Every structure is written in structure tokens, then in C-alpha cells.
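*Asks:*
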Amino acid sequence: MNCHCGTTKTYQDCCEVFHRNNGKTETAEQLMRSRYSAFVIADGDYLMATHHSSTRPTKEKKAIVKWAKSVQWIRLEVLETTKGTENDTEGTVTFNAYFFENGNVDVIHEKSAFVKENEQWFYLGLSR
């Protein structure tokens, strides 16, 4: 079975690697994909660890996990990536995350900002 994030790799060969190494990805897009997979499996610890400390919603962790478990995740669609390579210190990823909730298909459309500190990518929040 393909990874939750939409690649043709298995979960074990894709996002699980990052879930086990505390989010040490090479690119911002890899981190965004691994965070999507963390939502699919409701891994709140990973979501908090890969969220930048300046914007980390620690108090909302339980609510985020509860919501992630309450919906059925359908698929991730990456629309655009700007910067965010191994050689960058910032980047954005625009995506659609489709899910089924209360009998309806819904979508999260977001342009996410990422920052690299100490050789590790972190989710910063919505891009401005």
C-alpha cells in the first residue's frame, strides 16, 4: 500500500522514517507530507515536535488528535512548493488535504510556511 502522503513508496519506506527520526527531513515538502501522514495516524507527538516552537499549539494537542481521529482522510494533493530545498532555510508548500467528515467531503487548502533551524525543518504556520 502506498504511503498516506501520496507517494508511491510504502509508509515504512516513506513517512514512517521521519516519524521515527523526529522529523529530520531533507526538504520542507517532505516535512509537510510527513505531517499529513501524522494527521492520518493521529500522531500528536510528531505534530508538536515538528511545529516550530514560536507557533506550537501545545495546549491544543489533545483537540488536534481527537479531530484527526474523527475524520476519514482521503488524500493529499501538493499544488506548489517554493524554495524549501536542502540548501534553503525557508520555504512554502501549498496543498489540499481532503477528508470525509459528518457525511461530507471537505478540504483544507493551505499555503504553509516552513523554516529550517539547526539543519531541521519545522512547520511555522500559514504563509503570509
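0 is the number of the first residue of the sequence shown in numbering that gives the first Met the number 0; add one for each residue after it.
Here a beta-carbon is modelled for each residue, glycine too, at the ideal position from N, C-alpha and C.
This structure is a prediction, so every number in the text was calculated from the model and none was measured.
Under the assumption that Thr84 contacts Thr6 (Cβ atoms under 8 Å), give the Cβ distance between them as a whole number of angstroms.
*Replies:* By 1-based counting over the sequence shown, the position of residue 84 is 85. By 1-based counting over the sequence shown, the position of residue 6 is 7. With a Cβ gap of about 17 Å, Thr84 and Thr6 do not count as contacting.
*Asks:* Between Thr91 and Phe113, how many whole angstroms is the CB-CB distance? I'm expecting something under 8 Å.
*Replies:* Here residue 91 refers to the residue found at position 92 when the sequence shown is read from its first residue. Here residue 113 refers to the residue found at position 114 when the sequence shown is read from its first residue. That pair is a contact at about 7 Å.
*Asks:* Curious, which full-length alpha helix (DSSP H) runs of at least 4 residues does the stretch 21-108 contain?
*Replies:* Listed in chain order, they are 27-39, 43-48 and 60-69.
*Asks:* Going by the CB atoms, is the gap between Ile73 and Phe38 shorter than 8 Å?
*Replies:* Position 39 of the sequence shown, counted from the first residue, corresponds to residue 38. Position 74 of the sequence shown, counted from the first residue, corresponds to residue 73. Not a contact, by the Cβ cut-off of 8 Å.
*Asks:* What did DSSP end up calling Glu116 once you bin it into helix, strand or coil?
*Replies:* For the purposes of this step, residue 116 is identified with residue 117 of the sequence shown, where counting begins at 1. Reduced to three states, the DSSP call for Glu116 is strand.
*Asks:* How should Thr24 be labelled, buried or exposed, when 16 other C-beta atoms within 10 angstroms of its C-beta is the threshold for buried?
*Replies:* For the purposes of this step, residue 24 is taken as the residue at position 25 of the sequence shown. So Thr24 ends up on the buried side.
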